[in-house]
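Take any residue in the sequence shown, note its place counting from 1, add 16, and you have its number in our numbering.
Quick reminder that beta carbons are idealized off the backbone N, C-alpha and C, glycines included.
A quick note: this is a predicted structure, and the numbers were derived from the prediction, not measured.
First up is the structure itself, then whatever we jot down about it.
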Amino acid sequence: MKRLGGLFSVLALLFLTFGGWLMLTPGPVPLPGLQPPPVDDGYRPQAGPIALTTPIQRILIEKGARRMTVFQQTGPAKTFDIALGFSPSGDKSKQGDGRTPEGIFRIDRLNPQSRFHLSLGIDYPQRQHRDAARRGGYDPGGDIMIHGQPNQIPAGYRVKGDWTEGCIAVSDDEIEEIYALARVGTEVEIRP
17 MKRLGGLFSV LALLFLTFGG WLMLTPGPVP LPGLQPPPVD DGYRPQAGPI
67 ALTTPIQRIL IEKGARRMTV FQQTGPAKTF DIALGFSPSG DKSKQGDGRT
117 PEGIFRIDRL NPQSRFHLSL GIDYPQRQHR DAARRGGYDP GGDIMIHGQP
167 NQIPAGYRVK GDWTEGCIAV SDDEIEEIYA LARVGTEVEI RP
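Right, here's the structure in full:
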């Protein structure tokens, strides 16, 4: 039993000595440039100030470049980064395919009560889309919009990547600017 008590005393002494040494030793020094990567939370900050001042005459969407250019009477006025449908390659053909349609359309409605801040509806499907869908026996889809971010996204952020169901998305600040100057009947050309 005395032997066990002596062993315990030696272990306690080692523990206290080693513990004291650890407390007095400075921690590791971080190396410059080796910070952990930022957490990708699926959002990015919105674009900066807005500058459109006269009604929009035409909107050009270039899917491959993820770019939307609005034209005023004097020509191209401003370009915006966009997000598209979750499966952006190719022309939209049916409901749920995640594609953004291609062709020449018109704004057919303005929606101030959108689930995506504000939205501009385009006249898809058109007759040729409905006819092809009828021949193929499927639903061509519809309700394609140029819109802002989902209403549950915090102000000042936007969802990254292509995430819509076939619509064209910009930031909330950008859709406010576009919405204020867009008119029903404005041409919207969507290129591959």
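With which residues is residue i paired in a DSSP beta bridge?
i	result
D97	R83
S135	N127 and H163
I184	I162
I75	V86 and V204
F121	V204
G91	Q88
In its own chain, which residues sit with a C-beta less than 7 Å from the C-beta of residue i, not counting the 5 before and 5 after it?
i	result
P61	Bear in mind that a pLDDT of 39 at P61, under 50, signals an unreliable position, so the model cannot answer this.
P210	A question about residue 210 goes unanswered here, because the residues of the chain that appear run from 17 up to 208.
Going by CA-CA distance only, name the one from the options that's closest to residue i.
i	options	result
Y154	L136, R125, K110 and I160	K110
P141	K79, T85, Q168 and R150	R150
K94	R83, R115 and P117	R83
L76	F121, R115, S103 and P104	F121
E181	D139, R125, R115 and V204	R115
G119	G152, S130, G106 and Q129	G106
I162	T85, D113 and L68	T85
L68	E205, E193, Q129 and L100	E193
P117	G80, D188 and N167	G80
L100	E203, D178 and E205	D178
R143	Q129, S130 and G158	G158
Q129	K176, N167 and G112	N167
V204	D113, D139 and P104	D139
Spatial neighbours of residue i within its chain, please: C-beta separation below 8 Å, excluding the five flanking residues on both sides.
i	result
R199	P71, I72 and I123
F87	I72, Q73, R74, I75, L76 and A93
R131	P166 and N167
V55	Low confidence applies here, because V55 scores a pLDDT of 43, under 50, leaving its location unreliable and the question unanswered by this model.
A148	S109 and P156
G49	Unreliable positioning characterises G49 in this predicted model, as indicated by a pLDDT of 35, which lies under 50. The coordinate reading is nonetheless provided below. Cβ neighbours of G49 beyond the five flanking positions: none.
What residues in its chain sit with their C-beta under 6 Å from that of residue i, if we drop five residues either side in the sequence?
i	result
N127	S135
R207	E78
R125	G137
G201	R122
H145	P156
G112	none
If residue i and residue j are in contact, beta carbons under 8 Å, what's the gap, nearest whole angstrom?
i	j	result
I98	A185	6 Å
H133	Q89	About 27 Å separates the two Cβ atoms, so there is no contact after all.
F96	E190	5 Å
C183	I160	6 Å
Does any CB atom of chain C fall closer than 8 Å to the CB of residue i?
i	result
A81	Among the chains in the structure shown there is no chain C, since it carries only a single protein chain.
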